[in-house]
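There are 2 protein chains.
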Amino acid sequence: MNTEDMTRLKIPVAVVRRMPKYLTQAQYLRQEGVQWVSSLSLAEALGLTSSTVRQDLSHIDFQGVSKRGYSTVGLEAALARTLGVDHDITCILVGAGNLGRALALHEGFGRQGFKIVGVFDSSPAVVGKKVGHFIVRPMADLVAVVAQQKVEIGILSVPHEAAQAVADQLILSRVRGLLNLTTAHLRTPAAVPVVDTRVLSSLRELAYSVRSRQV
Amino acid sequence: MNTEDMTRLKIPVAVVRRMPKYLTQAQYLRQEGVQWVSSLSLAEALGLTSSTVRQDLSHIDFQGVSKRGYSTVGLEAALARTLGVDHDITCILVGAGNLGRALALHEGFGRQGFKIVGVFDSSPAVVGKKVGHFIVRPMADLVAVVAQQKVEIGILSVPHEAAQAVADQLILSRVRGLLNLTTAHLRTPAAVPVVDTRVLSSLRELAYSVRSRQV
DNA sequence: ACTTTAACGTTAAACATTTGACAGAGCTTG
DNA sequence: CAAGCTCTGTCAAATGTTTAACGTTAAAGT
Chain A
5 MNTEDMTRLK
15 IPVAVVRRMP
25 KYLTQAQYLR
35 QEGVQWVSSL
45 SLAEALGLTS
55 STVRQDLSHI
65 DFQGVSKRGY
75 STVGLEAALA
85 RTLGVDHDIT
95 CILVGAGNLG
105 RALALHEGFG
115 RQGFKIVGVF
125 DSSPAVVGKK
135 VGHFIVRPMA
145 DLVAVVAQQK
155 VEIGILSVPH
165 EAAQAVADQL
175 ILSRVRGLLN
185 LTTAHLRTPA
195 AVPVVDTRVL
205 SSLRELAYSV
215 RSRQV
Chain B
5 MNTEDMTRLK
15 IPVAVVRRMP
25 KYLTQAQYLR
35 QEGVQWVSSL
45 SLAEALGLTS
55 STVRQDLSHI
65 DFQGVSKRGY
75 STVGLEAALA
85 RTLGVDHDIT
95 CILVGAGNLG
105 RALALHEGFG
115 RQGFKIVGVF
125 DSSPAVVGKK
135 VGHFIVRPMA
145 DLVAVVAQQK
155 VEIGILSVPH
165 EAAQAVADQL
175 ILSRVRGLLN
185 LTTAHLRTPA
195 AVPVVDTRVL
205 SSLRELAYSV
215 RSRQV
């Protein structure tokens with residue numbers, strides 16, 4: 005089958021969710037100077053089966069090599085291309101509380117191409133204050149900044165009561181996707197995807213796992 | 005079928021992942037004074053089908069009522085019991101960088117029963133400093149604190165190069181589960197579950213969604 | 001009391017994901 | 001230069017998840 009065709013086909017969500025992990029691993033190996041990686045060693049590193057890895061990687065426009073595996077450099081590039089993170093993506097952050105400030109100060113995302121170009125807050129007490137090298141801006145500036153800087157992603161770290169209203173503002177300002185750090189479930193038009201980070205949910209899931217394994 | 009039996013059966017992972025969301029929603033409705041909620045309105049609030057909601061809730065030891073739906077109070081209690089968050093769970097946090105400090109300062113987790121009882125860091129420059137009302141402790145204190153305070157969950161917010169080594173120390177100190185905020189994949193014995201929060205992965209997943217929808 | 005109705009709980013079919021199995025490709029070695 | 005080996009890519013079976021459909025229950029109205 006033509007690989008060009010493959011990549012046009014819709015990639016299953018389960019596969020898309022694993023791709024960032026393959027990308028992280030490929031970057032990591034490449035930085036360590038490893039040139040080739042097999043589906044088996046990727047699987048062992050990520051807690052999967054080699055079969056799953058091969059099946060997953062068949063969805064990207066990139067070929068492994070018999071007897072060697074996958075080139076770490078090629079894999080990294082192909083995954084980045086497939087995910088759309090082979091170029092910078094501009095983001096804004098709304099909500100300059102503890103979590104929001106931590107994310108704004110975290111340099112890791114910027115290194116991975118997610119460039120924060122503005123920090124917003126609705127509280128007059130916070131607007132104008134500095135967060136790292138950002139000056140917190142009022143919500144009224146949202147539309148203009150999104151338009152001028154071609155912002156693609158809005159990151160929400162507001163109290164959950166305010167989440168839906170802020171999400172609506174972000175959508176109106178024509179942001180293309182939302183990263184939701186709140187516990188609220190956001191309702192958005194189909195054209196605006198939302199990914200939840202679920203920190204509290206993860207803790208609760210963990211509580212269940214811890215408990216059900218103690219038996 | 006006897007519901008007592010049901011709850012002993014293993015709950016599918018997909019269902020466990022949704023339960024925290026149902027719990028959040030039930031709490032929220034109860035706080036607003038809503039007494040009953042139907043599978044359909046839960047579904048609409050969380051972006052699911054009513055069928056999924058009913059199927060999911062059939063796994064907990066709690067019954068809905070014909071023509072009314074589920075009691076928000078009862079639902080909240082049953083979900084909390086099932087997840088094991090009906091009592092406090094002690095946690096420690098390792099890594100007092102930006103993200104770690106933000107989590108330590110965030111009061112929401114404490115209100116939900118996840119009590120942080122210690123903040124640790126390996127850097128002598130950080131040990132001894134204050135983070136909120138915590139004084140950052142050295143890694144050497146880990147074992148003693150976990151034993152004395154019966155710590156169940158370790159939260160990792162260290163640089164990813166250090167993640168596996170710190171995870172190993174936490175496991176040795178007999179923590180029962182790990183919340184992983186790093187991009188590293190952690191390898192643990194089967195008895196020690198790990199839940200990843202995947203903030204960077206979520207951003208990448210979002211980048212893919214945004215891109216594949218622009219067509 | 002009886003009918004209507006709005007909900008749940010359960011079944012089974014549809015759909016999605018994961019896994020095992022194996023043919024084929026291309027290094028490597030003698 | 002052929003044999004052997006190790007790895008990929010793909011197929012199909014097994015497993016897991018979601019959904020629609022429907023029988024059942026209990027409240028509400030007549």
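Listed in order, the protein sequences are those of chains A and B. Take any residue in the first sequence, note its place counting from 1, add 4, and you have its number in the working numbering. Take any residue in the second sequence, note its place counting from 1, add 4, and you have its number in the working numbering. Here a beta-carbon is modelled for each residue, glycine too, at the ideal position from N, C-alpha and C. In this text, all values refer to a predicted model and were calculated from it rather than measured experimentally.
- As for any alpha helix (DSSP H) of minimum length 4 sitting wholly inside the region 18 to 60 of chain A, the runs are 43 to 50, ordered along the chain.
- Neighbours of Leu61 of chain B in chain A, taken as residues whose beta carbon is under 8 Å from its own, are absent, since the nearest beta carbon is some 15 Å off.
- Sixteen is the threshold: since fewer than 16 other Cβ atoms of the shown chains lie within 10 Å of the Cβ of Ala148 of chain B, the residue is exposed.
- Cβ atoms of Thr187 of chain B and Leu204 of chain B come within 8 Å of each other, at about 5 Å.
- Interface with chain A (8 Å Cβ-Cβ cutoff): Ile120 of chain B is excluded.
- Note on geometry: alpha-carbon atoms of Ile64 of chain A and Ala100 of chain B lie some 38 Å from one another.
- By the criterion of a C-beta distance shorter than 8 Å, Ser45 of chain B is surrounded in its chain by Gly73, once the five residues flanking it on both sides are discounted.
- In chain order, Asp92, Thr94 place their CB closer than 6 Å to the CB of Lys119 of chain A, counting only its own chain and leaving out the 5 sequence neighbours on each side.
- Per the coordinates, the alpha-carbon of Lys14 of chain A lies some 37 Å from the alpha-carbon of Gln31 of chain B.
- In this structure Val38 of chain A is exposed. Its beta-carbon is surrounded by fewer than 16 other beta-carbon atoms within 10 angstroms.
- Under the three-state reduction of DSSP, Thr192 of chain B is assigned to coil, being neither helix nor strand.
- Under the 10 Å beta carbon count, Leu190 of chain A is surrounded by 16 or more other beta carbons and is classified as buried.
- When Cβ-Cβ separations below 8 Å define contact, Val98 of chain B makes no contact with chain A.
- Residue range 112 to 115 is occupied by the alpha helix (DSSP H) that includes Phe113 of chain B.
- For Ser42 of chain B, there are no neighbours in chain A by C-beta distance under 9 Å, as the nearest C-beta there is about 16 Å away.
- In the structure shown, Val98 of chain A adopts extended strand secondary structure according to DSSP, grouped into three states.
- Counting the other Cβ atoms within 10 Å of the Cβ of Ile96 of chain A gives 16 or more, which makes it buried.
- Legend: CB atoms of the region 23 to 52 of chain B lying less than 9 Å from CB atoms of chain A belong to residues Met23, Pro24, Lys25, Leu27, Thr28, Gln29, Tyr32, Glu48, Ala49, Leu50, Gly51.
- Proximity of Gly181 of chain A to chain B, defined by a Cβ-Cβ separation below 8 Å, is satisfied.
- As far as DSSP is concerned, Val140 of chain A takes part in no beta bridge.
- For Pro16 of chain B, not one C-beta of chain A is nearer than 8 Å to its own C-beta.
- Secondary structure of Val130 of chain B (DSSP, three-state): coil.
- Cβ atoms of Gly181 of chain B and Glu165 of chain B stay farther apart than 8 Å, at about 22 Å.
- By the 16-neighbour rule on beta-carbons within 10 angstroms, Leu176 of chain B is exposed.
- The CB of Gln116 of chain A comes closer than 7 Å to the CB of Leu204 in chain B, given here in chain order.
- Under the Cβ criterion of 8 Å, Thr76 of chain B is not counted among the residues facing chain A.
- Sequence-distant partners of Val19 of chain A (beyond 5 residues in either direction) whose C-beta falls short of 7 Å from its own C-beta, in its chain, are Asp60, His63.
- Selection B:Phe124, B:Lys154, B:Ala129, B:Val135 evaluated against Pro142 of chain B yields B:Phe124 as nearest (Cα-Cα).
- For the pair Leu83 of chain B and Leu207 of chain A, the CB atoms are not nearer than the 8 Å cut-off.
- Among the residues of chain A, those whose CB is under 7 Å from the CB of Ile93 of chain B are Ala211, following chain order.
- In this structure, Ala108 of chain A sits near Gly136 of chain A, with a CB-CB distance shorter than 8 Å.
- The beta-bridge partner set that DSSP reports for Tyr74 of chain B consists of B:Val41.
- Put simply, the CB of Ile64 of chain A is far from chain B, with every gap to its CB atoms at 8 Å or more.
- Under the 8 Å criterion on CB atoms, Gly68 of chain B is classed as non-interfacial with respect to chain A.
- Contacts between Thr56 of chain A and chain B, judged by CB atoms closer than 8 Å, are missing: the closest CB pair is about 14 Å apart.
- Beta-bridge partners assigned by DSSP to Ile93 of chain A: A:Phe118.
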